[in-house]
Amino acid sequence: MTEDKDARWMLVFGAWLVAACATLGALFMGEVMGFTPCVLCWYQRIFMFPLVFVLAAGLFPFDTKVFRYALPLGLVGLLVAGFHLLLVAGVVPEAMTPCRQGLPCATVQVEWFGFVTIPLLSFFAFLVVNALLLTAYFKTSK
Amino acid sequence: MKQKNMFMAAAVLLIAAFIAGAFFYKNQKAEQAAQLAAQNQVALVRPDAPSFGDPDAPVHIVEFFDPACGTCREFYPLVKALMDANPGKIRMSMRYAPFHPGSDTVVKALEAARKQGQFKQALEALFVAQNGWVKNHTAQADLIWPYLDPLGLDMVRLKNDMNSPEIATMITRDLADAKTMNVTMTPEFFVNGKPLPSFGFEQLKALVDEALAKATTK
Chain A
1130 MTEDKDARWM
1140 LVFGAWLVAA
1150 CATLGALFMG
1160 EVMGFTPCVL
1170 CWYQRIFMFP
1180 LVFVLAAGLF
1190 PFDTKVFRYA
1200 LPLGLVGLLV
1210 AGFHLLLVAG
1220 VVPEAMTPCR
1230 QGLPCATVQV
1240 EWFGFVTIPL
1250 LSFFAFLVVN
1260 ALLLTAYFKT
1270 SK
Chain B
545 MKQKNMFMAA
555 AVLLIAAFIA
565 GAFFYKNQKA
575 EQAAQLAAQN
585 QVALVRPDAP
595 SFGDPDAPVH
605 IVEFFDPACG
615 TCREFYPLVK
625 ALMDANPGKI
635 RMSMRYAPFH
645 PGSDTVVKAL
655 EAARKQGQFK
665 QALEALFVAQ
675 NGWVKNHTAQ
685 ADLIWPYLDP
695 LGLDMVRLKN
705 DMNSPEIATM
715 ITRDLADAKT
725 MNVTMTPEFF
735 VNGKPLPSFG
745 FEQLKALVDE
755 ALAKATTK
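Laid out in structure tokens, this is it:
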């Protein structure tokens, strides 16, 4: 029983770790490297940053219901990140998006190793956070 | 307990990595900026740029500025005081970087005032009145006239000169030079060709003091 709880704790801790890395990474690119976040990036930040605190609060003491508060953030963040990816890929035309002013969201500011863009990193981070939380969630309901 | 330690260790590690990364990145950037400046002295020092102080002064400050920029306004008296404290030792050149919308028209007015020998007066008048003609980070060129009026400029000539292709070319060139020097924010200072390691008046003063010390030992 406690072993199972420990395993779930580790999953949530993993999700927190990913969220913390993503948050610090976004802050590094925005504040240190001086990139201007586009509108969609801001929405992804809105859903990623609080996860660091919500998940941390759920870890001590371990709250098995933390998913109820974290998953809505994670899932909506994933949707925004997915939309952003489609936009950068050109599947969704730019005119349909709310980014007509300021920095266009389809602009690619960073391309590491030829394919790693900031929206891809964001999408991947949301994906991992959700996967870990969902795994922990289904372990609970068993 | 084990979990708490793990969490704390991870948190401390992440924050340390962030700070170390930021430090490393800033250092690298400063080095790159110094190299860039060293390679592009032509784009930095243009003989026709408006300048104050003794042309043969040993210390030459080049400032990229925007008349609509609030920090440029605040730095102006500070730099002036620095020059006054070291008479004949510091020369200051002003380069245009009108990044605010509408600011290029104000720069044109400054250049036109310069043709009548009133660059400094016009610049100071516009800086003092900045809040009167910069609204929502946009320069409203039609609001500058009342502030230029007391200078006794020939306004008809000034407005004519503002349309001269010569001035437009100069602004385009200055903006291109700003791009070459990787100036993306104003004000940006270079002291004897060297960029500030990081932004701030203390950093500027330190660089000027260093250049002054070098000049006196020579």
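Line order of the protein sequences matches chains A and B. Mind the numbering: the first sequence is residues 1130 to 1271 in this note's numbering, read in order. Mind the numbering: the second sequence is residues 545 to 762 in this note's numbering, read in order. Glycine included, C-beta positions come from ideal geometry on N, C-alpha and C.
Item                                                                                                                                                                 : Value
Do you know whose CA, among K679(B), I634(B) and A673(B), lies nearest G646(B)'s CA?                                                                                 : K679(B)
Mind pulling the chain B residues with CB within less than 9 angstroms of F1157(A)?                                                                                  : F562, G565, A566 and Y569
Mind checking E732(B): buried by the 16 CB within 10 Å criterion, or exposed?                                                                                        : buried
For the alpha helix (DSSP H) that contains F663(B), what are its first and last residues?                                                                            : F663 to V672
Please identify, using Cβ separations under 9 angstroms, the residues of the region 547-561 of chain B that lie next to chain A, in order along the chain.           : Q547, K548, M550, F551, A554, A555, L558, I559 and A561
Sorted by chain position, which residues of the same chain lie with C-beta nearer than 8 angstroms to A564(B)'s C-beta, five sequence neighbours on each side aside? : none
Tell me the rounded alpha-carbon separation between A755(B) and P602(B).                                                                                             : 8 angstroms
Quick check: the Cα distance between F1178(A) and L558(B), rounded to an integer number of angstroms?                                                                : 15 angstroms
Can you name the residues of chain B whose CB is closer than 7 angstroms to the CB of L1153(A)?                                                                      : L558 and F562
On the criterion of 16 or more Cβ atoms from any shown chain inside 10 Å, does S742(B) qualify as buried, or is it exposed?                                          : exposed
Three-state secondary structure (DSSP) at P1323(A)?                                                                                                                  : Summary: the structure shown does not reach residue 1323(A), with chain A confined to residues 1130 through 1271, and so no result is reported for it.
Give a yes or no on whether the C-beta atoms belonging to T1246(A) and L1140(A) are separated by under 7 angstroms.                                                  : no
Would you grab the beta carbon distance between A587(B) and D721(B) for me? Rounded to a whole angstrom, and I think it's under 8 angstroms.                         : 4 angstroms
Identify every residue that forms a DSSP beta bridge with E607(B).                                                                                                   : M638(B) and F733(B)
Which residues in chain B sit within 9 angstroms of C1167(A), going by Cβ to Cβ distance?                                                                            : What C1167(A) touches in chain B: nothing, since even the nearest Cβ is about 17 angstroms away.
For A566(B), which residues does DSSP report across the bridge?                                                                                                      : Paired residues: none, contrary to the question.
Using the beta-carbon count (16 or more within 10 Å), is H1213(A) buried or exposed?                                                                                 : buried
Within this structure, are the beta carbons of L1180(A) and A1199(A) separated by less than 7 angstroms?                                                             : yes
Going by DSSP in three states, F1252(A) sits in which element: helix, strand or coil?                                                                                : helix
Mark A666(B) as exposed unless 16 or more other C-beta atoms lie within 10 angstroms of its C-beta, in which case mark it buried.                                    : buried
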